[in-house]
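K.L.:
Residues 1064 to 1487 (the numbering used here) are what the first sequence spells out, left to right.
Built from N, CA and C at the ideal position, the CB exists for glycine as well.
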Amino acid sequence: MSKIIEPLRGVHDVLPAQIPAWQFLERTARDVFAAYGYEEFRVPIIEQTPLFKRSIGDFTDIVEKEMFSFVDRGEDHITLRPEATAGIARAVISNGLLRESRLKVWCMGPMFRRERPQAGRYRQFHQIDCEAFGFEGPDVDAEMILLSARLLRSLGLTRVKLLINSLGTPAARAAYRERLIEYFTAHEAALDEDSRRRLQGNPLRILDSKHPQTQRLVAGAPQLLESLDAESRAHFAALCGHLDAAGIAYHVEPHLVRGLDYYTRTVFEWTTDLLGAQSTVCAGGRYDGLIAQLGGTPTPGIGWAMGQERIVLLLEAQGVAAPRERPHLYLVLAGERAEREGLRLAETLRDALPGLKLQVNLGGGSFKTQFKRADRSGAAYAAILGDEEAARGVVALKDLRGEAPQEECPVERIGERLGVLFGL
RNA sequence: GUGGACGUAGCUCAGCUGGUAGAGCCCCGGAUUGUGAUUCCGGCCGUCGCGGGUUCGAAUCCCGUCGUCCACCCCA
């Protein structure tokens, strides 16, 4: 007996019982993306480590302490992607897709961050990701947000709140940064330890500190929105106008900054009060400098990511039941002849009715046992083929969910009958 | 990374002040021979997270470790 191998910390299995919720989310996302003309994009899970350092930022927590990085055979420096945008931006450049000048894509898959796990926060987690390249105006910012709003709405999620803010251009942000440093330095003694450490490196992050005393200080700090350059201010105002016109409720949150360095101008977050500290379920923003920073032709970009585990938790918390796959038919087989003919009959039916969901009883069992299995499978009907029926060339059909009386049907007509019963 | 709570059958949990484990659900079988979700009867399942220590004896006490969860942190 060997010792059981445990899963790694912070990773988890999605069990068959949880699959309906995941598929509901993924199917809904595909449909919504299609409705807005976004195309699917698939990019690698591993990339060269410098990609993330250059895009997300050397001094962000993600890059500083949360990446799964390794050196492969003493040569390539590799990192498991902690987020999707960097890889997509790289792929867009690598494949020369910017020649098409405009691109709307989405992507879905696992991400990796070496954090201390908690419910809704895992070391391997999954994101649905949406990106648009080559659009400068605020209309695409609005569409991005409207798309995410529609997706959340289509999922039946109502306990979410939209927060938006603008970080301005890099120049405006740099100027604001200086003002912030000046302000906080003057009050350094009142800052908590974390914030003091960030003062020189990333003072914007002090703004969303949860430390009570620091928050009081933040209340009196210069406002980012007031320091914006004229163009960014107009861009933001136009975005708000689009959202107002679309009837989407939002809250301007002046202290909303993001933990990734590449954001410019618009940033936004969907949050919920149902998931404890893991309140952000979807977040994103504009990153007009990123493509150039990675060596591509300067091209504006914007995108967001949604945490699939968090959405699934939220579906559960809000009591949204994902539709479960149920077979139309469970084929009960009794006797040697019936067992011999059962699989072939099932294949014939599947040929005749491509949409048919049919489970064949495997491994024998008494009538009682087989009916128990039929019931547990969730099937609407049981088809009964015993030696008696086989000899007479008929199959019995029993309604497992309703009141319809049991009927018999000649084998050659069974496909036709099922087609009528299930509308196939 | 910091602080804290918890860790007993597949699941939810009980097990008082230390005396070598129990319930419900699930699952399997049966209640006369070919018909499911009810009811009744029976059955399976645990090295009490792992390792060490204290003790005549530990699921129960102590230490370590791993994991989960909560808050911080961070973020999706």
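Using the C-alpha atoms, what's the distance from Leu-1408 back to Lys-1505?
P.N.:
Here the chain covers residues 1064 to 1487 and nothing more, so residue 1505 does not appear.
K.L.:
Could you check the C-alpha separation between Ser-1429 and Leu-1396 for me, to the nearest Å?
P.N.:
Working through the first sequence from its first residue, we reach residue 1429 at position 366. Working through the first sequence from its first residue, we reach residue 1396 at position 333. Each residue's Cα considered, the two are about 9 Å apart.
K.L.:
Using only the alpha-carbon positions, how far apart do Leu-1357 and Thr-1221 sit?
P.N.:
Sequence index remark: in the first sequence, residue 1357 carries index 294 (1-based). Sequence index remark: in the first sequence, residue 1221 carries index 158 (1-based). Near 38 Å, if we compare the C-alpha coordinates of Thr-1221 and Leu-1357.
K.L.:
Give me the Cα-Cα distance between Glu-1399 and Asp-1450, rounded to the nearest whole angstrom.
P.N.:
Taking the first residue of the first sequence as 1, we reach residue 1399 at position 336. Taking the first residue of the first sequence as 1, we reach residue 1450 at position 387. Straight-line Cα distance between these residues: approximately 7 Å.
K.L.:
What beta strand (DSSP E) runs, 3 residues minimum, are completely inside the segment 1099 to 1129?
P.N.:
Whole beta strand (DSSP E) segments, 3+ residues: 1109 to 1111.
K.L.:
Please classify Ser-1164 as buried or exposed, where buried requires at least 16 neighbouring CB atoms within 10 angstroms.
P.N.:
Against the first sequence, residue 1164 aligns to sequence position 101. The residue in question, Ser-1164, is exposed, as its Cβ has fewer than 16 Cβ neighbours within 10 Å.
K.L.:
Is the beta carbon of Asn-1228 closer than 8 Å to that of Val-1315?
P.N.:
Position 252 of the first sequence, counted from the start, is the residue given in the question as residue 1315. Position 165 of the first sequence, counted from the start, is the residue given in the question as residue 1228. The answer is yes: Cβ separation under 8 Å.
K.L.:
On the DSSP bridge list, what partners appear for His-1005?
P.N.:
Residue 1005 lies beyond the stretch modelled for the chain, which goes from 1064 to 1487, so this question has no answer here.
K.L.:
So what does Gln-1422 bridge to, in DSSP terms?
P.N.:
As a working mapping, residue 1422 is identified with position 359 in the first sequence. Paired residues: Tyr-1393.
K.L.:
Please identify the residue among His-1189, Arg-1464, Arg-1455 whose C-alpha is closest to the C-alpha of Ala-1445.
P.N.:
Looking up residue 1445 in the first sequence gives position 382. The option with the nearest alpha carbon to Ala-1445 is Arg-1464.
K.L.:
Within the continuous alpha helix (DSSP H) that includes His-1298, where are the two ends?
P.N.:
For the purposes of this step, residue 1298 is taken as residue 235 along the first sequence, with counting starting at 1. Segment 1293 to 1309, the alpha helix (DSSP H) holding His-1298.
K.L.:
Terminal residues of the continuous alpha helix (DSSP H) containing Val-1202?
P.N.:
The residue given as residue 1202 occupies position 139 in the first sequence. It should be pointed out that residue 1202 corresponds to Asp in this sequence rather than to Val. It spans 1201 to 1217 - the alpha helix (DSSP H) in which Asp-1202 sits, taken as one unbroken run.
K.L.:
DSSP three-state call for Leu-1484: helix, strand or coil?
P.N.:
Position 421 of the first sequence, counted from the first residue, corresponds to residue 1484. Note: Leu-1484 maps to helix in three-state DSSP.
K.L.:
Given this structure, state the Cα-to-Cα distance separating Leu-1078 from Glu-1372, to the nearest angstrom.
P.N.:
Residue numbering aside, residue 1078 sits at position 15 when the first sequence is read from its first letter. Residue numbering aside, residue 1372 sits at position 309 when the first sequence is read from its first letter. Approximately 13 Å between the Cα atoms of the pair.
K.L.:
Between which two residues does the alpha helix (DSSP H) harbouring Ile-1244 extend?
P.N.:
Mapped onto the first sequence, residue 1244 falls at position 181. It spans 1233 to 1249 - the alpha helix (DSSP H) in which Ile-1244 sits, taken as one unbroken run.
K.L.:
CA-CA distance, Ala-1401 and Leu-1412?
P.N.:
In the first sequence, counting from the first residue as 1, residue 1401 sits at position 338. In the first sequence, counting from the first residue as 1, residue 1412 sits at position 349. Rounded to whole angstroms, Ala-1401 to Leu-1412 spans 15 Å at the Cα level.
K.L.:
Could you check the C-alpha separation between Tyr-1101 and Met-1207 for me, to the nearest Å?
P.N.:
Position 38 of the first sequence, counted from the start, is the residue given in the question as residue 1101. Position 144 of the first sequence, counted from the start, is the residue given in the question as residue 1207. Distance between the alpha carbons of Tyr-1101 and Met-1207: 11 Å.
K.L.:
Across which residues does DSSP place Arg-1184 in a beta bridge pair?
P.N.:
Residue 1184 sits at position 121 when you count from the first residue of the first sequence. Answer is Gln-1181.
K.L.:
Just the C-alpha distance for Thr-1142 and Tyr-1325, rounded to the nearest angstrom, thanks.
P.N.:
If you number the first sequence from 1, residue 1142 lands on position 79. If you number the first sequence from 1, residue 1325 lands on position 262. Their backbone Cα atoms lie some 19 Å apart in a straight line.
K.L.:
Could you check how far apart the C-beta atoms of Gly-1359 and Leu-1161 are, in whole angstroms? I think they sit under 8 Å.
P.N.:
Mapped onto the first sequence, residue 1359 falls at position 296. Mapped onto the first sequence, residue 1161 falls at position 98. With a Cβ gap of about 6 Å, Gly-1359 and Leu-1161 count as contacting.
K.L.:
Near Pro-1083, which residues of its chain fall below 6 Å by C-beta distance, leaving aside the five closest residues on each side in sequence?
P.N.:
Start at 1 with the first residue of the first sequence, and residue 1083 comes out as number 20. Around Pro-1083: Ala-1385, Arg-1387.
K.L.:
Provide the residue span of the alpha helix (DSSP H) that contains Arg-1261, from first to last.
P.N.:
Start at 1 with the first residue of the first sequence, and residue 1261 comes out as number 198. It spans 1256 to 1264 - the alpha helix (DSSP H) in which Arg-1261 sits, taken as one unbroken run.
K.L.:
Can you grab the Cα-Cα spacing for the pair Asp-1292 / Arg-1260, in whole Å?
P.N.:
In the first sequence, residue 1292 corresponds to position 229, counting from 1. In the first sequence, residue 1260 corresponds to position 197, counting from 1. So the alpha carbons of these two residues sit roughly 28 Å apart.
K.L.:
Is DSSP giving Ile-1477 helix, strand or coil here?
P.N.:
Sequence index remark: in the first sequence, residue 1477 carries index 414 (1-based). Helix at Ile-1477.
K.L.:
What are the residues that DSSP puts in a beta bridge with Gln-1190?
P.N.:
The count along the first sequence starts at 1 and reaches residue 1190 at position 127. DSSP, once it has assigned bridges, lists Gly-1172, Gly-1370 as partnering Gln-1190.
K.L.:
At what residues does the alpha helix (DSSP H) containing Arg-1162 begin and finish?
P.N.:
Numbered from 1 along the first sequence, position 99 holds the residue referred to as residue 1162. Looking at the DSSP string, Arg-1162 is not in any alpha helix (DSSP H), and its letter there is neither H nor E.
K.L.:
How many Å lie between Gly-1339 and Arg-1186 at the Cα?
P.N.:
To locate residue 1339, count along the first sequence from 1; it is residue 276. To locate residue 1186, count along the first sequence from 1; it is residue 123. Whole-angstrom Cα-Cα distance: 18 Å.
K.L.:
Under the rule that 16 or more other beta-carbon atoms within 10 Å means buried, what is Asn-1424, buried or exposed?
P.N.:
Position 361 of the first sequence holds residue 1424. Result: buried.
K.L.:
Can you grab the Cα-Cα spacing for the pair Leu-1419 / Ser-1118, in whole Å?
P.N.:
Locating residue 1419 in the first sequence gives position 356, where the first residue counts as 1. Locating residue 1118 in the first sequence gives position 55, where the first residue counts as 1. Using only the alpha carbons, I get a separation of about 48 Å.
K.L.:
Compute the Euclidean distance between the alpha carbons of Glu-1241 and Glu-1256, then round it to the nearest angstrom.
P.N.:
Position 178 of the first sequence, counting from 1, holds the residue named residue 1241. Position 193 of the first sequence, counting from 1, holds the residue named residue 1256. Those two C-alpha atoms are separated by around 20 Å.
K.L.:
Does the segment 1229 to 1239 come close enough to the segment 1191 to 1202 that 3 or more CB-CB pairs lie under 8 Å?
P.N.:
Because the criterion of three Cβ pairs below 8 Å is not met, the segment 1191 to 1202 and the segment 1229 to 1239 do not touch.
K.L.:
Leaving out the 5 sequence neighbours to the left and right, which residues in its chain are closer than 6 Å to Ala-1380 when beta-carbon positions are compared?
P.N.:
Here residue 1380 is taken as the residue at index 317 of the first sequence, counted from 1. Once the five neighbours on either side are set aside, the close Cβ partners of Ala-1380 are Leu-1337.
K.L.:
Do Ile-1125 and Arg-1184 count as a contact pair if the criterion is CB distance below 8 Å?
P.N.:
Start at 1 with the first residue of the first sequence, and residue 1184 comes out as number 121. Start at 1 with the first residue of the first sequence, and residue 1125 comes out as number 62. Contact: no.
K.L.:
Let's see if you can read the secondary structure: which residues bound the beta strand (DSSP E) around Val-1074?
P.N.:
Numbered from its first residue, the first sequence carries residue 1074 at position 11. Here Val-1074 belongs to no beta strand (DSSP E), and DSSP marks it neither H nor E.
K.L.:
Decide yes or no for the touch test of the segment 1277 to 1285 against the segment 1303 to 1313: beta carbon pairs closer than 8 Å, at least 3 of them.
P.N.:
As far as the Cβ criterion goes, the segment 1277 to 1285 does not touch the segment 1303 to 1313, which means the pair count is below three.
K.L.:
Between Pro-1473 and the rest of its own chain, which residues show a CB-CB distance below 7 Å, the 5 nearest in sequence each way excluded?
P.N.:
Taking the first residue of the first sequence as position 1, residue 1473 is located at position 410. Excluding residues within five positions, the ones whose Cβ falls inside 7 Å are Gly-1456, Val-1457.
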